[in-house]
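Colleague:
Numbering (the working numbering), first residue to last: 46 to 231.
1. Between which two residues does the alpha helix (DSSP H) carrying residue 64 extend?
2. Would you mind stating whether residue 165 and residue 145 have Cβ atoms separated by less than 8 Å?
3. Is residue 118 near residue 169, with beta carbons less than 8 Å apart?
4. Just checking my contact of residue 68 with residue 93 at CB under 8 Å: how many whole Å lie between their CB atoms?
5. Please report how far the alpha carbon of residue 171 lies from the alpha carbon of residue 61, in whole angstroms.
6. Assess contact between the segment 47 to 60 and the segment 109 to 116, defined as three or more Cβ pairs (one per stretch) separated by less than 8 Å. Is contact present?
7. What residue range does the alpha helix (DSSP H) around residue 106 cover?
8. Since residue 80 is in the beta strand (DSSP E), which residue starts that stretch and which ends it?
9. Out of 136, 127 and 102, which one is the CA nearest neighbour of residue 176?
10. Got a sec? Which residues, its chain only, sit under 7 Å from residue 185 by beta carbon, not counting five neighbours each side?
11. Going by DSSP in three states, residue 72 sits in which element: helix, strand or coil?
12. Check for me: the beta strand (DSSP E) holding residue 48 runs from which residue to which?
13. Assign residue 50 to one of two classes, buried (16 or more other C-beta atoms within 10 Å of its C-beta) or exposed (fewer than that).
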């Protein structure tokens, strides 16, 4: 993303930027904060991306690695009104919401159970270099009424901040699974 530093700060300047299809932004984290503007069209690839992402912002020839921390929208038109970025440091951990995906076919689903996501995203704390793009769970060994909790997830290079006892995925029992179990017992 390429932006320009702002000399003037205030309502008049912000309104003029918005008329020119630019978004007033601020970046904080390392050192003093930087006040700048980015073209509105550059926000599409950040906002509409379900995966967590880090961006590189070029301000007057100097490049900064950052992440989108907060965004404000116009209340009527829903156009990006203001954005806050957090400048990344290689030795300081950050917190992001990471999507959960599953791999494999569950034994419980093959018996007629239904896989349910209790949490589609988990809050992860990690160094920027160790931040995963997704949390991949193998559900091959899950049977009916079995679940994967946060404490069951193997995470060596990052920390999951959600409560350890909270469920992530579960295979719920259905009528088809109950009748299949009864027939197998007879």
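Each residue gets a CB set at the ideal place from its N, CA and C atoms; glycine is no exception.
Modeller: Considering the structure as presented:
1. As a working mapping, residue 64 is identified with position 19 in the chain shown. Run containing residue 64: 56 to 64, per the alpha helix (DSSP H) assignment.
2. Counting from 1 along the chain shown, the entry for residue 165 is found at position 120. Counting from 1 along the chain shown, the entry for residue 145 is found at position 100. Yes; because the gap between Cβ atoms is below 8 Å, this pair is in contact.
3. Locating residue 118 in the chain shown gives position 73, counting from the first residue. Locating residue 169 in the chain shown gives position 124, counting from the first residue. Their beta carbons are not under 8 Å apart, which means residue 118 does not touch residue 169 by this criterion.
4. Translated into positions along the chain shown, residue 68 becomes position 23. Translated into positions along the chain shown, residue 93 becomes position 48. At roughly 15 Å, the Cβ-Cβ gap does not stay under 8 Å, so residue 68 and residue 93 are not in contact.
5. What you label residue 171 is simply residue 126 of the chain shown in a count that begins at 1. What you label residue 61 is simply residue 16 of the chain shown in a count that begins at 1. Each residue's Cα considered, the two are about 38 Å apart.
6. no
7. Counting from 1 along the chain shown, the entry for residue 106 is found at position 61. Unbroken run through residue 106: none, as it is neither H nor E.
8. As a position in the chain shown, residue 80 is number 35, starting the count at 1. Element bounds for residue 80: 79 to 84.
9. Locating residue 176 in the chain shown gives position 131, where the first residue counts as 1. Comparing Cα positions, the closest option is 136.
10. As a working note, residue 185 is residue 140 in the chain shown. Once the five neighbours on either side are set aside, the close Cβ partners of residue 185 are 149, 150 and 151.
11. Here residue 72 is taken as the residue at index 27 of the chain shown, counted from 1. Here residue 72 sits in strand by DSSP.
12. Looking up residue 48 in the chain shown gives position 3. Per DSSP, residue 48 belongs to the beta strand (DSSP E) from 47 to 50.
13. Translated into positions along the chain shown, residue 50 becomes position 5. Residue 50 comes out exposed.
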